[in-house]
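Asker: The structure's right below; bear with me while I get my questions together.
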């Protein structure tokens, strides 16, 4: 027979195993009670016996509570009231060094998923290397970083900070709304906001991917009925009508959304292309970084004008990569 001192030396894992064995025995006993109670000697279901079910369940519940009271103090005592055996405790794995992930690798390694966000968003090691040098950011990295900004913004708002209530759309919304650059297709995105009341928000943010050539940003400030357009190349990277198309398309989308949801909004919205002191891009591939930083400032309720410059981009790229790894790194990456 086990002495009191022997039981005191048991680890939480051993105590848990013992408790589970006791629970299993109890379950078998209760099953026997159930079988004898509910069925008569002729094997027929006894309706009168069914009335005893609450009593049986209550007996089982009290037994489980008793087990918990019996074993939980021992689990807590085994590791200084932490409930975890220090010998079996493992620190969560830390992300690898950023420079290690930035190193060139074979195709199979590059396909390994290293970032996993919400809603199924993922990015591979190859995707993460978009944040190196002057590389062009792809949808995977932009979507994950904007999702991170949304999470931070929602947490700040919930904590009572003076930031706008914002809703972030992903990079595919504009592509579908604009019908891949051919037309305005509200029906193609109607379901995207089926469970979202966009008119209850202060700020809507839309990343714009222009034919995989250039990233821009559009925002809607609902309180003052203004649609803004941000282009880090100030229009020099695209044909002159691109901003007009984006602004008018979002105005049309707002009207259709309001009509579908029975909301009244003004018919004509002010449309503004932001130029004054807008941080301007001077390389060929950092437009995605610029729109992510514009979005960050806007979600913080801060001014975008003069907030950073092209000289800050190398450091901002590294910061973005580190923040993504910290928030979304997947230890057991898979191809």
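Residue numbers (our numbering): -12 to 322.
Positions of the beta carbon are idealized from the N, C-alpha and C atoms, including for glycine.
Check for me: the alpha helix (DSSP H) holding residue 276 runs from which residue to which?
Answerer: Looking at the DSSP string, the run of the alpha helix (DSSP H) that includes residue 276 is 274 to 286.
Asker: Reducing DSSP to helix, strand and coil, say where residue 265 ends up.
Answerer: Three-state result, residue 265: coil.
Asker: Taking the beta strand (DSSP E) that residue 205 belongs to, which residues open and close that run?
Answerer: Where residue 205 is concerned, the enclosing beta strand (DSSP E) stretches over 201 to 208.
Asker: When DSSP labels each residue in this structure, what does residue 186 get in the three-state scheme?
Answerer: Helix, per DSSP.
Asker: If you pair each beta-carbon of the region 207 to 215 with each one of the region 262 to 274, do three or more pairs fall below 8 Å?
Answerer: These segments do not touch.
Asker: Using CA atoms only, rank isn't needed, just tell me which of 211, 161, 317, 262 is closest to residue 235.
Answerer: The residue with the shortest Cα to Cα distance from residue 235 is 161.
Asker: Label residue 400 either buried or exposed according to how many other C-beta atoms from any shown protein chain fall within 10 Å of its C-beta, with 16 as the threshold for buried.
Answerer: Residue 400 is absent from the structure shown; the chain starts at -12 and stops at 322.
Asker: Check residue 301 in the structure and name its three-state DSSP category.
Answerer: Residue 301 falls in the helix class under three-state DSSP.
Asker: Is the beta carbon of residue 203 less than 8 Å from the beta carbon of residue 213?
Answerer: Contact: no.
Asker: Distance check for residue 247 and residue 278, CA to CA, integer angstroms please.
Answerer: The straight-line gap from Cα to Cα measures roughly 30 Å.
Asker: Classify residue 152 as helix, strand or coil using the three-state DSSP reduction.
Answerer: Coil.
Asker: Should residue 126 go down as buried or exposed, given a rule of 16 or more other Cβ atoms within 10 Å for buried?
Answerer: Buried, by the Cβ-count rule.
Asker: Please name the residue, chosen from 241, 110, 158, 311, that lies closest to residue 201 on a Cα-to-Cα basis.
Answerer: The candidate whose alpha carbon is nearest that of residue 201 is 158.
Asker: Where does residue 300 land, buried or exposed, given buried means 16+ other C-beta within 10 angstroms?
Answerer: Buried.
Asker: Do you know whose CA, among 219, 197, 188, 102, lies nearest residue 270's CA?
Answerer: Checking every option, the nearest Cα to that of residue 270 belongs to 219.
Asker: In three-state DSSP terms, what is residue 122?
Answerer: Coil, per DSSP.
Asker: Measure the alpha-carbon distance for residue 244 versus residue 252 and round it to whole angstroms.
Answerer: Residue 244 and residue 252: Cα-Cα distance of roughly 10 Å.
Asker: Quick one: residues in its chain with C-beta nearer than 7 Å to the C-beta of residue 292, no 5 flanking neighbours on either side, listed in chain order?
Answerer: 263, 264, 265, listed in sequence order.
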